[in-house]
Structures are given as structure tokens and as C-alpha cells.
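Student: First the structure, then my questions, so here it is.
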Amino acid sequence: MAAVATISIAFALVFLVCASDFSCASASGRGGFTIDLIHRDSPRSPFYNSSETPSQRLKNAFGRSFDRLSHFNPSSEVAQLDQAESTIIKSDGEYLIEFSIGTPPFPIKAIADTGSDLIWTQCKPCNNCYQQNDPLFDPSKSSTYQTIPCSSNQCNTLQGSCSSQDSACQYEVRYGDRSHPSHTIGDYAADTVTLASTTGTSVSFLNTLIGCGHDNAGTSFHPQASGIVGLGGGDESLISQLGTSIDGKFSYCLTLQNDQTSKLSFGDNAVVSGSGVVSTPLFQHPSQKTFFFLTLEAISVDDTKIPLSSSSSASGGGNIVIDSGTTFTLLEPSFYSELEEAVDKAIGRERVNEMPPCYKVSASEDFKTPNIIVHFSGADVKLEQNNAFRRGSQEACFAFAPSENSISIYGNVAQSGFLVGYDLKGKTVSFKPTDCTKF
Ligand SMILES: *[C@@H]1O[C@H](CO)[C@@H](O)[C@H](O)[C@H]1NC(C)=O
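Numbered by mature numbering (1 follows the signal peptide of the UniProt record, and there is no 0), the letters in the sequence shown go through residues -19 to -1, 1 to 420 in order.
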């Protein structure tokens, strides 16, 4: 029923696999490769702040979860005002991707964002750019860079804006809400996008649709990152553009140990199989293709199974967005209260904070927590302690919270330590418990 991402706007991608000595082979059809995802709090990240304590990082991440949530709301004012701009979400993702644009390849560090679609970077000349630590991409220096002409069918399909028929097709993406607005405006263009695979080779995708941003501003953007790589389900995202060349398959394995890198895999490398794999149906709504929805049925805390009331089930399939860019798992408030009550009872310790609920635990202490199982339709996902509780030096905090609007989100703490595989053709998401530090 839900339309799977079509690649109507994507070019037929040809990709090149290059060894570190720059010898390249053209590849077509399927392939598989894996790249690093760098957590924003990892020492490899430009966001890393060595003087922050684990408790501060946790508190900041909690704040970012809520900021992000307000932008998922499909009925928010901004969403209604700017129907054409489908991407309404704050860009403060939790992971960074290193990649290159152009010929010769120009290196860029950007936020990996499963909550939006367009791949864009700040471009010269800048009419209005936010301050950026790394040099700006200069499209005039790339021999493969081409703007999309306004006269093309593609510009029409992209619903770009045009001042005249012979100008370049313009995009505009807004992130955030009224109190934290951010935007990027610039030229739609095609250029080579190169990803560095973990095997040391690089993979280049020719004629990838990108945004070359000449006017970018807002509180979502920080000097450490030069743009965004959209990993959502919409047509413009990296995932959708790779489309057939990755056979609609990608996966990630997120680690919460900040000194370890997480992994994002595509194509044959993204097949999740073997023992311990559980799978649940994946839904995409035609009007909101960016987000991947799953169906949550219940959550168990030891022997208590708390069902989600049927009124919470969205029509059209799915009732919870799976998102790697939100730290906490955010649930419908009355369902969350029941869950919190059961967890509180099972833990039976002094609380040092109300929201998120944090319990007093010393750093070296063995902290006993209840068994928590997340029951998705057809897939019971048993959480480890690390998936449900984040530990600071003096406390352990429950990594679930009530959603402030109608959207529930399955966040990245709950997903860490699992290989999470998306199959857009088979319309499933699979989970397999995995040591992501060894993946
Ligand atoms: C790093 O963290 C410390 C402690 O929270 C804070 O005072 C400082 O402003 C942070 N530095 C930057 C550059 O954000």
C-alpha cells in the first residue's frame, strides 16, 4: 500500500570502485560496501569536547532528542505552511559522515540524517553562509559539477524554483520549527559523490543529485559540519539515489562507545541474516516518504506486558518512526507512563532526576535492571541494559521518554548493539544482536 521510494528523479547511477592508489573499476548492478559513521561525541568528531563529562553528554543528548522531536510532527505549523518542502526536521543528528564531492574529490564532513533527504553542502560563492571550520566547496573547481537547468524535466519533477527558464533549478529546505528555524537554499546540481569504504577502497557515484547551498543559516547548523547527508526514504536521499545499485538494502550498526566508530553498509554488505535475526514490516507513507515507520505492539518489563492501545496505531500502517538521529525512544505519553511505572517498580531505587528518570548508581556498581522486550509486529527485540539505560558517573537514566506530540520514535540508544537492516524492496526492517565494535 505505501509506495516504496521510487527513483523517478534519480539518475541511473554508475559507480566506480577505486583502490587507494586511485585505480578505478566501473561497476554496475549490485555491490556492497561499508562506511564509518562517527558519533558527534567521539574523539574523531569535530564536535568532540574533552572537558564534558559522560553525564553532561547524556544531558545534552536528551535535550537534542526533544528538539528533534518537535520537528517530526506532521501537523506542525511549518509543515502546513511549506507543503512543498517535505523535509521538516532539525538537522542536529548524532552521527557524521566523511565523503567527497566533485572531481578532484573535495572532502566534506556532514551530519548523517535519517530524518531528511537532500545531500547538500555550503558552496562558494556564499551569499549567506554560517561559519564553517573546513574550506567551502567551490563548484567551479569540479570538472564534473553540473547544475540542473530550469528547462529540464528533472527540475520540474524536483519542484525546484526558477527565476527564468535559463537559470539553475533552485532548492529550498527548511529545518526546525518557528523558534529554531534553519534553512538551506541553493542550486540543485549533479556531481560525483565519493564514499570511503572501510576496506580502504573508495566508491564513487557519478551524477548524484546534490544541493549546492549559497544561503544557509539557522540554529541547526554548526561550524563543525559543512552540510547534511540525507539518509531518509525520500527520492533525493543518498539511500534512494543508490536505489537499484544497492538493491534497496542498507544497514547500520551503532555503538555507544564513543571511541569506536559505527558502521553504515549498503547493498550486499547490508544483508542481515543468521541466527537471532527478527524482522518486522516497514511502512512508508506516500506523503511523508522521508520517515520509516514500524508497528509497535507492546513492551514487556519482566513478566508485565504493556500493550499499546489500539488508538495509538496509525492508519495506513506503522505507529513509530525508526530514527538513528534521536537519542532517546519517545513514546505516546499514557503508554510511556505505564512503562515507566513498571520500570520504576522493578528497579526500586532512589530517583535523582524526574525526566528522564535517573536512578542513583555509583560508577562501579553492578546495577540490576528488568528485562525489557520491545514487541514489534512479528519481531520481539530483547534489549540489553545499555539499550534502556545510559550510565553517568553517579546515575543511570532510563533512555525512554514521553513524546510531546503524536509521533513516537525508536531512538539510537535502543538500536545500539544491533545490526539494523532495511530492505526497501522486501519492506522489512531486521534486527540482529551484534557487537558493533567488531563489525
Ligand atoms: C565543553 O564543555 C564544557 C563543560 O560542559 C563547557 O563549559 C564548554 O563551553 C564546552 N566547550 C565548547 C567549545 O563547547
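Glycine is no exception: its CB is placed at the ideal position from the N, C-alpha and C atoms.
I'd like to know whether the C-beta atoms of residue 421 and GLY398 end up nearer to each other than 8 Å.
Tutor: The chain is shown from -19 up to 420; residue 421 falls before or after that span and cannot be answered.
Student: Looking only at C-alpha atoms, which of GLY214, LEU18, PRO116, SER345 sits nearest to PHE264?
Tutor: Among GLY214, LEU18, PRO116, SER345, the Cα nearest to that of PHE264 belongs to GLY214.
Student: Comparing the CB of SER26 with every heavy atom of ligand 1, is any distance shorter than 7 Å?
Tutor: Answer for SER26: no, Cβ out of range of ligand 1.
Student: For ARG330, tell me which candidate among LEU99, PRO337, VAL154, LYS341 has the shortest Cα-Cα distance.
Tutor: For ARG330, the nearest C-alpha among the options comes from LYS341.
Student: Along the alpha helix (DSSP H) that carries LEU263, what are the first and last residues, could you check?
Tutor: Segment: none, LEU263 is in no alpha helix (DSSP H) and carries neither H nor E.
Student: Kindly provide the chain-ordered list of residues whose Cβ lies closer than 7 Å to any non-hydrogen atom of ligand 2.
Tutor: Ligand 2 is absent from the structure shown, which contains only ligand 1.
Student: So residue 473 is in the beta strand (DSSP E); what residue range does that whole segment cover?
Tutor: Nothing can be reported for residue 473, as the shown portion of the chain is limited to -19 through 420.
Student: Ignore the nearest five residues each way along the sequence and tell me which others in PRO106's own chain have a CB closer than 8 Å to its CB.
Tutor: Here the set comprises HIS195.
Student: Report the option in GLY255, CYS193, PHE420, VAL324 whose CA atom is closest to the CA atom of ALA382.
Tutor: Of the listed residues, the one whose Cα sits closest to ALA382 is VAL324.
Student: Consult DSSP for TYR29 and reduce its assignment to one of helix, strand or coil.
Tutor: Coil, per DSSP.
Student: Hey, could you find the ends of the beta strand (DSSP E) residue 444 is sitting in?
Tutor: Only positions -19 to 420 of the chain appear in this structure, which leaves residue 444 out of reach.
Student: Pick from ALA344, HIS356, PHE412, LEU364: whose alpha carbon is nearest that of SER36?
Tutor: When each option's Cα is compared against that of SER36, the closest is ALA344.
Student: In terms of alpha-carbon separation, which member of ASN41, VAL259, PRO267, GLY224 lies closest to GLY248?
Tutor: Closest option to GLY248, Cα to Cα, is GLY224.
Student: Would you tell me roughly how many angstroms separate the C-alpha atoms of PRO130 and SER148, rounded to the nearest one?
Tutor: Roughly 6 Å between the two C-alpha positions.
Student: Taking C-alpha atoms, which residue in ALA279, PHE87, THR285 lies nearest to ALA360?
Tutor: When only C-alpha atoms are compared, the closest one is ALA279.
Student: Using DSSP bridges, identify the partner residues of SER411.
Tutor: Answer by DSSP bridge pairing, in chain order: SER260, GLY402.
Student: Note down, in chain order, each residue of its chain lying with its Cβ closer than 6 Å to the Cβ of LEU364, except the 5 sequence neighbours on either side.
Tutor: Around LEU364: ILE353.
Student: Under 8 Å between the Cβ atoms of ASN197 and TYR111?
Tutor: Closer than 8 Å, so yes.
Student: Enumerated in chain order, which unbroken segments of the beta strand (DSSP E) with a length of 3 residues or greater are wholly contained in the segment 149 to 192?
Tutor: For the segment 149 to 192, whole beta strand (DSSP E) runs of length 3 or above, ordered along the chain, are 151 to 156, 163 to 177.
Student: Can you tell me whether PRO86 is buried or exposed, with buried defined as 16 or more other CB within 10 angstroms of its CB?
Tutor: So PRO86 counts as buried.
Student: The beta strand (DSSP E) with ILE227 in it runs from where to where?
Tutor: Per DSSP, ILE227 belongs to no beta strand (DSSP E) and is neither H nor E.
Student: Can you have a look at PRO204 and say buried or exposed, based on whether 16 or more other CB atoms are within 10 angstroms of its CB?
Tutor: Per the 10 Å Cβ criterion, exposed.
Student: Count the other CB atoms, across all protein chains shown, that sit within 10 Å of the CB of PRO24; report buried if there are 16 or more and exposed otherwise.
Tutor: Label assigned to PRO24: exposed.
Student: Using 8 Å for Cβ pairs, my map puts ILE16 next to ILE78. What's the rounded Cβ distance?
Tutor: ILE16 to ILE78, Cβ: 7 Å. Contact.
Student: So within the segment 288 to 353, which uninterrupted beta strand (DSSP E) runs reach at least 3 residues, ignoring any that extend past its ends?
Tutor: Counting whole runs of 3 or more residues, the segment 288 to 353 contains the beta strand (DSSP E) stretches 301 to 303, 310 to 312, 332 to 334, 339 to 341.
Student: For GLN146, count neighbouring C-beta atoms within 10 Å of its own C-beta (all shown protein chains included) and say buried if the count is 16 or more, exposed if not.
Tutor: Its Cβ having fewer than 16 others within 10 Å, GLN146 is exposed.
Student: Which whole-angstrom value describes the C-beta separation of ILE100 and VAL184, a residue pair presumed to lie in contact below a C-beta threshold of 8 Å?
Tutor: Not really, about 15 Å apart at Cβ, beyond 8 Å.
Student: Which residues share a DSSP beta bridge with CYS378?
Tutor: In DSSP, CYS378 forms a bridge with CYS339, ARG371.
Student: Spell out a yes or no on whether the segment 294 to 313 and the segment 264 to 278 are touching, meaning 3 or more CB-CB pairs, one atom from each, closer than 8 Å.
Tutor: Short answer: they touch.
Student: With distances taken between CB atoms, is the gap from SER201 to TYR156 smaller than 8 Å?
Tutor: Cβ distance < 8 Å, so SER201 and TYR156 count as in contact.
Student: Buried or exposed for LYS326, please, with buried defined as at least 16 other CB atoms from any protein chain shown within 10 angstroms of its CB.
Tutor: Exposed.
Student: Smallest Cα separation from ASP115: which of ASN108, GLY298, ALA206?
Tutor: Closest by alpha carbon: ALA206.
Student: Looking at PHE316: is its Cβ nearer than 8 Å to the Cβ of PRO337?
Tutor: Contact flag unset, no.
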